[in-house]
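**Q**
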Amino acid sequence: MGEVGAFLRIGRQGHGLRPAAEAVGDYGEFARPLAADDQCRQASRCMNCGVAFCQSGIEIPGVAGAIGCPLQNLIPETNDLLFRRRWDDAVGRLILTNPFPEFTGRVCPSPCEAACNLGLHGSAVTIQDNERALSDYAWERGMDPLPAPAADAPLVSIVGSGPAGLACAWELARRGLRVHVVERADRPGGLLMYGIPNMKLPKEVVERRVRLMEESGIEFECGADAGGQAERLLADSDAVVLAVGACVPRPVAVEGCDLPGVHFAVDYLTEVTRALLDGRPCAIDAAGKDVAVIGGGDTGTDCVACALRQGARSVTQVIRAPRPADTCDAAAAWPGRRPVYSQGYGQREAQELFGADPRLWSTDTVAFRGDGAVQAVAVQELSYEGGRHGVEGTQRDIPAQLVLIAKGFLGPEESLFGAFGAQASDGTGDGHWLAPADDAATGEDGTPVFAAGDARLGSTLVATAIADGLACAEEVATQLRP
Ligand SMILES: Cc1cc2nc3c(=O)[nH]c(=O)nc-3n(C[C@H](O)[C@H](O)[C@H](O)COP(=O)(O)OP(=O)(O)OC[C@H]3O[C@@H](n4cnc5c(N)ncnc54)[C@H](O)[C@@H]3O)c2cc1C
Ligand code: SF4
């Protein structure tokens with residue numbers, strides 16, 4: 000695989016980045032892909048290691064999270080085809096397992112690269128950039144829609160159009176079933192549309208995929224809350240899939256959490272994108288304000304980046320976890336993700352603009368203070384010696400007229416599951432089938448109800464949600480066409 004010994008001669012070269020001063024001037028994509036030839040050279044670094052954990056997607060006891068690609072992309076084979084400039088074959092190999100590489104090639108935190116053998120004593124192969132280059136190539140040449148389904152094919156209604164719902168819809172349509180997607184928001188895409196900001200995933204990339212799905216006969220009904228339509232959907236469909244995400248945000252239950260100016264990150268990020276797409280001012284504005292983001296992770300990074308684009312005066316990120324070390328014991332961590340210090344695009348931009356990383360590590364939020372509206376966040380340093388606890392005498396206020404809470408999600412809205420005669424899954428079971436809805440709601444046939452994505456697993460990653468949507472589709476199709 001790859002070019003023999005290339006990894007010894009060729010160093011890792013990731014995609015370029017727009018300089019922060021320029022990038023924060025708009026919501027355009029911050030990544031600058033390599034030229035095609037350079038990307039092929041990067042693919043040649045894949046070294047035929049023989050223990051390709053990158054593509055395994057397995058769980059190892061004692062290691063947090065799954066190892067490698069959740070979609071089990073055939074990474075060494077795809078890299079090899081790209082290195083040989085067999086672009087069409089490489090695209091074909093990639094989409095065997097991943098229907099939407101244009102999403103993952105931009106937003107995936109690439110657990111594949113964390114598990115790459117080359118990363119043990121050097122720098123991992125640029126697996127994600129290779130994937131993005133292949134998907135860009137495929138879209139530039141035009142993508143064919145799927146053949147339209149037969150008029151009498153079974154009909155599946157999918158509630159939710161995030162990556163899990165889209166993947167499930169695409170796979171069912173590919174297998175010849177009719178698919179109807181019901182989405183509460185005004186635009187399809189779930190967190191791909193309203194959540195992940197435009198500079199990381201341009202919304203045109205989501206919209207063109209939805210257009211292709213529509214050309215493939217998949218119907219989208221937006222602005223429709225399925226909660227009030229359970230009876231109709233159960234009666235009209237041969238199966239229902241609940242791919243509604245895990246959209247109940249985790250609060251920071253401290254004094255002052257209801258003050259005006261304190262918002263959940265996902266509400267803020269949704270509003271930023273909606274305002275951008277609708278061409279109107281954003282109702283939650285960081286311009287000229289001190290902004291505090293509570294929580295790390297991708298969502299926190301996205302908030303930092305959006306606040307910078309709105310012209311925040313300062314941005315501080317309050318994070319409970321201790322700062323990771325600059326280097327790590329690679330062998331001890333491998334093939335799990337290495338807890339090593341790094342910056343996301345938001346922190347890199349803040350550092351370039353303000354001269355310091357915006358993150359306050361080992362710091363807890365004690366209260367939000369303000370008279371009529373939030374004016375400060377009271378924080379306290381944390382110690383991890385003998386279990387996590389606050390350090391006496393370290394409380395202080397940091398100024399903040401806008402607070403964004405990015406502490407993850409508690410789970411899906413359970414009432415929706417009840418409306419479909421099902422109970423929310425705790426994600427521990429293997430299957431996606433939840434229940435035949437009860438007879439009172441459905442008449443006699445007991446339309447089967449399934450769950451997929453974050454609604455089944457809790458908050459995950461785009462790649463995991465896609466993988467779960469695909470697996471759900473297989474289960475649905477098997478049940479409807481045994
Ligand atoms: C701000 C943010 C940034 C993230 N960044 C990344 C990232 O960079 N990389 C990454 O891999 N992962 C990221 N994630 C995680 C990733 O986006 C999710 O794991 C993934 O989107 C889950 O997909 P899903 O289809 O299960 O649910 P979702 O994407 O949440 O989609 C669920 C859909 O269901 C709809 N819905 C809910 N209730 C109803 C109803 N009653 N009727 C009709 N429709 C309904 C919702 O409107 C929504 O469109 C991020 C998450 C957040 C919040
Ligand atoms: S989907 Fe994510 S984990 Fe899988 S190969 Fe692509 S970047 Fe890596």
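Take 0 as the starting number for the sequence shown in numbering that gives the first Met the number 0 and just add one per residue.
Every residue, glycine too, gets a C-beta built ideally from N, C-alpha and C.
Quantities reported herein were computed from a predicted structural model and do not represent experimental measurements.
#1: Determine the contact status of Val271 and Leu200, defining contact as a CB-CB distance below 7 Å.
#2: From the DSSP output, in three-state form, read off Asp437 for me.
#3: Which same chain residues, not among the five before or five after Ala172, have their C-beta less than 6 Å away from its C-beta?
#4: Can you name, in chain order, every residue of its own chain whose Cβ lies under 6 Å from the Cβ of Arg183, other than the five neighbours on each side?
#5: What did DSSP end up calling Leu469 once you bin it into helix, strand or coil?
#6: Can you tell me whether DSSP reads Asp257 as helix, strand or coil?
#7: Going by DSSP, which residues form a beta bridge with Ala229?
#8: With burial defined as no fewer than 16 other Cβ atoms inside 10 Å of the residue's Cβ, what is the status of Ser156: buried or exposed?
#9: Determine, using beta carbons only, whether Ala152 and Leu117 come nearer to each other than 7 Å.
#10: When the Cα atoms are used, what is the spatial distance from Glu101 to Gln374?
#11: When DSSP labels each residue in this structure, what does Leu381 get in the three-state scheme?
#12: How long is the line joining the alpha carbons of Asn78 and Met142, rounded to whole angstroms?
#13: Between which two residues does the alpha helix (DSSP H) holding Val456 run?
#14: Below 8 Å on the Cβ atoms is my contact criterion, and I expect Cys471 with Cys167 to pass it. Report the Cβ-Cβ distance as a whole number of Å.
#15: Would you list the one or two residues that DSSP bridges to His179?
#16: In chain order, what residues of the same chain have a beta carbon less than 6 Å from the beta carbon of Cys68, not counting five sequence neighbours either side?
#17: How about Phe82 and Ala42: do their beta carbons lie closer than 7 Å?
#18: Where does Glu58 sit, in a helix, a strand or coil, going by DSSP?
#19: Work out the CA separation of Thr477 and Ala22 for me, nearest whole Å.
#20: How long is the line joining the alpha carbons of Pro447 and Gly417, rounded to whole angstroms?
#21: Tell me which residues share the same chain as Gly104 and place their Cβ nearer than 7 Å to its Cβ, disregarding the 5 neighbours each side in the sequence.
#22: If the criterion is Cβ atoms closer than 7 Å, does the pair Pro323 and Pro338 meet it?
**A** Based on what the coordinates show:
#1: On the sequence shown, position 272 is the one that residue 271 refers to. On the sequence shown, position 201 is the one that residue 200 refers to. Their beta carbons are not under 7 Å apart, which means Val271 does not touch Leu200 by this criterion.
#2: On the sequence shown, position 438 is the one that residue 437 refers to. Caution is warranted here: a pLDDT of 47 is assigned to Asp437, below 50, making its placement in the model unreliable, and the coordinate value is therefore given only provisionally. DSSP places Asp437 in the coil class of the three-state scheme, outside both helix and strand.
#3: What you label residue 172 is simply residue 173 of the sequence shown in a count that begins at 1. If we look at Ala172 and ignore the five residues flanking it on each side, its Cβ neighbours are Leu145, Val178, Ser215, Ile217.
#4: Taking the first residue of the sequence shown as position 1, residue 183 is located at position 184. Within the same chain, Cβ atoms closer than 6 Å to the Cβ of Arg183 are found at Asp224, the five residues on either side in sequence being excluded.
#5: Here residue 469 refers to the residue found at position 470 of the sequence shown. In the three-state reduction of the DSSP assignment, Leu469 falls in the helix class.
#6: Walking along the sequence shown from the start, residue 257 turns up at place 258. Three-state result, Asp257: coil.
#7: Indexing the sequence shown from 1 puts residue 229 at position 230. Per DSSP, none; premise fails for Ala229.
#8: By 1-based counting over the sequence shown, the position of residue 156 is 157. Counting Cβ neighbours within 10 Å, Ser156 comes out buried, since at least 16 surround it.
#9: By one-based count along the sequence shown, residue 152 stands at place 153. By one-based count along the sequence shown, residue 117 stands at place 118. Going by C-beta atoms, Ala152 is not nearer than 7 Å to Leu117.
#10: Here residue 101 refers to the residue found at position 102 of the sequence shown. Here residue 374 refers to the residue found at position 375 of the sequence shown. Cα to Cα, the separation comes out at about 41 Å.
#11: Position 382 of the sequence shown, counting from 1, holds the residue named residue 381. Note: Leu381 maps to strand in three-state DSSP.
#12: Translated into positions along the sequence shown, residue 78 becomes position 79. Translated into positions along the sequence shown, residue 142 becomes position 143. The C-alpha of Met142 is placed about 21 Å away from the C-alpha of Asn78.
#13: Reading the sequence shown from its first residue, position 457 is the one you call residue 456. The amino acid at residue 456 is misidentified as Val; the sequence shows Leu. Per DSSP, the continuous alpha helix (DSSP H) segment holding Leu456 begins and ends at 453-456.
#14: Here residue 471 corresponds to residue number 472 of the sequence shown, with the count starting at 1. Here residue 167 corresponds to residue number 168 of the sequence shown, with the count starting at 1. Right, the Cβ-Cβ distance comes to about 5 Å (below 8 Å), so this counts as a contact.
#15: In the sequence shown, residue 179 corresponds to position 180, counting from 1. The partner list for His179 (beta bridge, DSSP) reads Ser156, Glu218.
#16: Translated into positions along the sequence shown, residue 68 becomes position 69. The beta carbon of Cys68 sits closer than 6 Å to those of Gln54, Gly56, Cys111, all from its chain and outside the five residues before and after it, given in chain order.
#17: The residue labelled residue 82 in the question sits at position 83 within the sequence shown. The residue labelled residue 42 in the question sits at position 43 within the sequence shown. Against a cut-off of 7 Å, the Cβ pair of Ala42 and Phe82 comes out as a contact.
#18: Within the sequence shown, residue 58 is the residue found at index 59, counting from 1. Strand at Glu58.
#19: As a working mapping, residue 22 is identified with position 23 in the sequence shown. As a working mapping, residue 477 is identified with position 478 in the sequence shown. Just so you know, the alpha carbons of Ala22 and Thr477 end up roughly 47 Å apart.
#20: Along the sequence shown, one-based indexing puts residue 447 at 448. Along the sequence shown, one-based indexing puts residue 417 at 418. Answer to the nearest angstrom: the Cα atoms are 14 Å apart.
#21: On the sequence shown, residue 104 is found 105 positions in, with the first residue counted as 1. Annotation for Gly104: Gln127, Glu130, Arg131, Ser134 place their beta carbon closer than 7 Å to its own, counting only its chain and skipping 5 residues before and after.
#22: Residue 323 sits at position 324 when you count from the first residue of the sequence shown. Residue 338 sits at position 339 when you count from the first residue of the sequence shown. Pro323 places its beta carbon less than 7 Å from that of Pro338.
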